[in-house]
RNA sequence: CGGCGUGUGGCUCAGUUUGGUAGAGCGCGUCGUUCGGGACGACGAGGCCGCAGGUUCGAAUCCUGUCACGCCGACCA
């Protein structure tokens, strides 16, 4: 391929609306173009990258006996009624009607379609286990797309669904998939992806893992232990805290605390420690607006995911007005309005004397002892773990928190969909059973963008050779010079004949600086510079995009050198790939 | 859905306060000189100033509405 013919333009200035580097570089490099909010077209450069990622995914899915299928993008709402998700899923699911006023949805995930596909086929235990997968577009009407390809509304996803006759068999396959995923990320050049325990959210099921690429621009907070292998998404991370040396008690006193609406205000006013204060965070149930009050120690934050799981239904941050039973800014667990549900976080346990709101405008209690003063003090884990916190696994104070991008996930779904959608098989004993499912996803475009985010310099992406748009980039400086052009042409032909993926820049009149800048933006791992200057020494220059290798190679040996270098780069990636 | 912000050639932006013939740089085209990290000169093409109303002799500029995009938050299998 000649660069002169490549569709998509590269330019110098950073687009104003790009916040993260990978987004800016991919727009500047002619990888993608924005069509609408969270909607992008892939130019040929990016399409070549995503096609390579897809090929790797296909190979690994096939290697664990996956069978590729293709589900429709538009599904009748009936199917989503069966699982109950037509109602339960929020606005991310795009609902619409067709010309006959039939309710339709744009599939955002395909559990329903998967069950629909195989429920007649798999009526006997002899058909199990099996896995089907597809690589296809998804549409999710995200509230707020951002960061270029990282969070979009329409995207390509590999989604896989496995069916089993026992939990043990699911777990066995889940483990296989776990390793297949490791291989996918390793082969894509990012062996540093880590798995974390996660909350399974609306998918249902119990055990799930997310594959996270750690980077400061990631949207998820990842909890890691420095002493052991514990890793979890903040949403799912257990917070352990034992209050020590805070057990001394005092008498309960109601004290006037004018204009003290935040914990900081109150503690400053009373000259008390924030670690013996009780903070109220108020939510409301989506169903009936019942208040749900979460009490946590003043220096902790509420983990809404854990709270939501505890409440058992959807909640949202509350809006408290003067007519409500709660007094904003002065809410405390003692004498709280009976209409409100409340939960005490484990960070409050063991504190002998707390400062808390008095449920009365302008007043707080001091000396509150939950065990003594409440009828029943029960504690639940509803707070976010903090840096330096106690590891739930090894018990050491070694928790650290980092940011990450979720590039894949695996779930043990259980029978949620097979039950609701009435999928059954006959077991060895002639009994009807619901199969157990697992599901496994990878966002292809997000993966490409994430790799760019982690592997780039100031001038462009540094693609791993396994997913790079091309393997070799030949720059012919001074294509108007016949001798130079002849050498570059010959190298280009040799590469093509050898099946090397090569992009050839033989544009006349383009100055070296511009040519190098374009090459940087394309991020091809091996660059060959053919120029009159190099040819004076009868050499071409071969340099890797990461600058680790930079050599003058005699023209006669150039092709062999390039070919060998290419093999070396692949070998380097394959070193880190675990064997099955 | 709340808060903030931005819409002016393909891109980055000025011009809006104080209404008076639409600008610059990059990019694009032609010609020439250049040629190892986004060269220079000359000439040229390209914009109903997001859209719709209104005020005015006159609106990119003022007013109203609306749409789009971005950021923060909420939400997120």
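Numbering (my numbering), first residue to last: 21 to 600.
Ideal placement from N, C-alpha and C gives every residue a C-beta, glycine not left out.
| Asked | Found |
| --- | --- |
| Residues near residue 92 by beta carbon distance below 6 Å, same chain, minus five either side | none |
| Option in 445, 463, 464 with minimal Cα separation from residue 456 | 445 |
| Residue 215, buried or exposed, once every other Cβ within 10 Å from all chains shown has been counted against 16 | buried |
| Residue 99 vs residue 159 beta-carbon contact at 7 Å | no |
| Endpoints, beta strand (DSSP E) assigned at residue 591 | Counting along the chain, residue 591 falls outside any beta strand (DSSP E), though it belongs to the alpha helix (DSSP H) covering 575-595. |
| C-beta contact flag for residue 494 and residue 508 at 7 Å | yes |
| As assigned by DSSP and simplified to three states, the class of residue 176 | strand |
| Contacting residues, own chain, Cβ-Cβ under 6 Å from residue 223 (five flanking each side not counted) | Note that residue 223 scores a pLDDT of 43, beneath 50, so its modelled location is shaky; the value from the coordinates is reported in the next line. Hits under 6 Å: 431. |
| Per-residue burial, residue 476 [other beta carbons within 10 Å of its own, 16 or more giving buried] | buried |
| Environment of residue 538 [buried if 16+ CB atoms lie within 10 Å] | buried |
| Under 7 Å between C-beta atoms of residue 116 and residue 124 | yes |
| As assigned by DSSP and simplified to three states, the class of residue 240 | strand |
| Short Cβ contact (7 Å threshold) for residue 182 with residue 463 | no |
| Beta-bridge pairing of residue 276 - partner residues as DSSP gives them | 383 |
| Burial state of residue 31, where buried means 16 or more other Cβ atoms lie within 10 Å | exposed |
| C-beta contact flag for residue 504 and residue 574 at 7 Å | no |
| Segment contact flag, the segment 310-322 with the segment 357-373, C-beta cutoff 8 Å, min 3 pairs | yes |
| Exposed unless 16 or more other CB atoms sit within 10 angstroms - verdict on residue 525 | buried |
| Classification of residue 404 by the beta-carbon crowding that lies within 10 angstroms, buried from 16 upward | buried |
| Meets three-Cβ-pair contact criterion under 8 Å: the segment 181-199 and the segment 385-392 | no |
| Opening and closing residue of the beta strand (DSSP E) in which residue 251 lies | 251-253 |
| CB of residue 202 within 7 Å of CB of residue 598, strictly | yes |
| Ordered list of beta strand (DSSP E) runs contained in the segment 122-172, each at least 3 residues | 123-126, 150-159 |
| As assigned by DSSP and simplified to three states, the class of residue 201 | helix |
| Closest Cα partner of residue 486 within the set 454, 546, 166, 53 | 546 |
| Candidates 94, 25, 81, of which the one nearest residue 65 by Cα | 25 |
| Under the three-state DSSP convention, the category residue 291 falls into | coil |
| Cβ-Cβ separation, residue 422 to residue 234 (assumed contact under 8 Å), whole Å | 5 Å |
| Whole-Å CB distance - residue 40 paired with residue 473, under 8 Å assumed | 6 Å |
| Counterpart residues of residue 216 in DSSP-defined beta bridges | 230 |
| When 381, 402, 374 are compared against residue 392, the one with the closest alpha-carbon | 374 |
| 7 Å Cβ cutoff met for residue 411 and residue 402 | no |
| Proximal residues to residue 572 (C-beta, below 6 Å), its chain only, five neighbours per side dropped | 559, 561 |
| Exposure label - residue 42; buried when at least 16 CB within 10 Å | buried |
| Nearest candidate by alpha-carbon position, reference residue 274, set 380, 299, 208 | 380 |
| Selected residue, minimal CA-CA separation from residue 2, among 58, 296, 102 | Because the chain here runs from 21 to 600, residue 2 falls outside it and cannot be looked at. |
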